[in-house]
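Visitor: Can you keep this structure in mind? I'll have questions shortly.
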């Protein structure tokens, strides 16, 4: 029976592996670093699938890893008058870290936040139910999240309020006519910009964050020198924190906590990056 401890260790390792797979689908073996989060792409290559003539939103592009595994699904909405091309960089970047991401066009470019919230959910439903077999083979239907820019960010807040089973929300320089989101239970990180003259942080991002209940996992970063349109081109803080937030709360990977409110965050997020940073850690 001298091999019993070996067999026991193998069983333990197998169980741990199965649990990890069930929780996260894709188990990233390489530990995240500040450099890997700051890079313009993550460790995975991605393919794309175009979406046309769907129900409930205006089409878009799905980015999905070529590595076979089960990944969380994220829908990202553009802002007022914009199209999916304005947030394509973020969709691809997040996907390369182990997600299926759809960047969507809205039914009209003038759609308001409430409509964009519905369209974000319609896009998630499309990916889950109607996408190609290659995409379907890579999705975990229990791990869904939303993000958006400007009115799309307002839509991401509304979607989080109305769909508590979502795993995460990431509104970017968000705009919405209402500032109260006291019933949101979905982990939400808001990015504002101190130079935003369209959705000023005083009237939008800061009140949105303040209205989120203390019992909800949340964070707020205000870009130093940022503008309303900072999310429309490659932006290191937006990409870095978007990946970390989604990995932490969609995948449940606690290795990313340090990049949100721990030592790695402190080393990176000086006043040169954020004018202010609020959160209710630990998480």
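In this note's numbering, the protein residues as written are 1 to 283. Think of the CB as a built atom: it goes at the ideal place given N, C-alpha and C, for glycine as much as any other residue.
Quick one, which of 132, 170, 269, 47 has its alpha-carbon nearest residue 147's?
Guide: Counting from 1 along the chain shown, the entry for residue 147 is found at position 147. Comparing Cα positions, the closest option is 170.
Visitor: Quick check on DSSP: helix, strand or coil for residue 198?
Guide: Here residue 198 refers to the residue found at position 198 when the chain shown is read from its first residue. Here residue 198 sits in coil by DSSP.
Visitor: Can you list the alpha helix (DSSP H) stretches of 4 or more residues lying completely in the segment 147 to 176, in chain order?
Guide: 151 to 162
Visitor: Using a Cβ-based criterion (distance less than 7 angstroms to any ligand heavy atom), does residue 152 qualify as near the ligand FAD?
Guide: The ligand content of the structure shown is nil, which means the ligand FAD is not present either.
Visitor: Whole-angstrom Cβ separation of residue 176 and residue 149, contact assumed at under 8 angstroms?
Guide: Counting from 1 along the chain shown, the entry for residue 176 is found at position 176. Counting from 1 along the chain shown, the entry for residue 149 is found at position 149. Not quite, the Cβ-Cβ distance comes to about 12 angstroms (not below 8 angstroms), so this is no contact.
Visitor: To the nearest angstrom, how far is the alpha carbon of residue 209 from that of residue 265?
Guide: Within the chain shown, residue 209 is the residue found at index 209, counting from 1. Within the chain shown, residue 265 is the residue found at index 265, counting from 1. Residue 209 and residue 265: Cα-Cα distance of roughly 19 angstroms.
Visitor: What residues in its chain sit with their C-beta under 7 angstroms from that of residue 190, if we drop five residues either side in the sequence?
Guide: On the chain shown, position 190 is the one that residue 190 refers to. Around residue 190: 171, 174, 205, 208, 209, 220.
Visitor: Out of curiosity, what's the CA-to-CA distance linking residue 107 and residue 125?
Guide: The residue given as residue 107 occupies position 107 in the chain shown. The residue given as residue 125 occupies position 125 in the chain shown. Each residue's alpha carbon lies about 16 angstroms from the other.
Visitor: According to DSSP, residue 73 sits in a beta bridge with which residue or residues?
Guide: In the chain shown, the residue the question calls residue 73 occupies position 73. The partner list for residue 73 (beta bridge, DSSP) reads 100, 144.
Visitor: Could you tell me the distance, in whole angstroms, from the CA atom of residue 96 to the CA atom of residue 67?
Guide: Translated into positions along the chain shown, residue 96 becomes position 96. Translated into positions along the chain shown, residue 67 becomes position 67. Each residue's alpha carbon lies about 10 angstroms from the other.
Visitor: Taking residue 37 as the reference, which of 217, 236, 198 has the closest Cα?
Guide: If you number the chain shown from 1, residue 37 lands on position 37. The residue with the shortest Cα to Cα distance from residue 37 is 236.
Visitor: For residue 278, name the three-state secondary structure that DSSP assigns.
Guide: Within the chain shown, residue 278 is the residue found at index 278, counting from 1. Strand at residue 278.
Visitor: Measure from the alpha carbon of residue 42 to the alpha carbon of each residue in 50, 33, 48, 49, then state which is nearest.
Guide: Your numbering for residue 42 matches position 42 in the chain shown. Of the listed residues, the one whose Cα sits closest to residue 42 is 33.
Visitor: Given a cut-off of 8 angstroms on the beta-carbon distance, is the pair residue 100 and residue 73 in contact?
Guide: Against the chain shown, residue 100 aligns to sequence position 100. Against the chain shown, residue 73 aligns to sequence position 73. The answer is yes: Cβ separation under 8 angstroms.
Visitor: If residue 226 and residue 195 are in contact, beta carbons under 8 angstroms, what's the gap, nearest whole angstrom?
Guide: One-based indexing of the chain shown puts residue 226 at position 226. One-based indexing of the chain shown puts residue 195 at position 195. Contact holds; Cβ gap of about 6 angstroms.
Visitor: Distance, Cα to Cα, residue 117 vs residue 279?
Guide: Translated into positions along the chain shown, residue 117 becomes position 117. Translated into positions along the chain shown, residue 279 becomes position 279. Approximately 24 angstroms, taken between the alpha carbons.
Visitor: Write down the C-beta distance between residue 120 and residue 156 rounded to the nearest angstrom, noting that I regard them as a contact closer than 8 angstroms.
Guide: Residue mapping note: residue 120 aligns to position 120 of the chain shown, counting from 1. Residue mapping note: residue 156 aligns to position 156 of the chain shown, counting from 1. Indeed, because the Cβ distance is near 7 angstroms, the residues count as touching under 8 angstroms.
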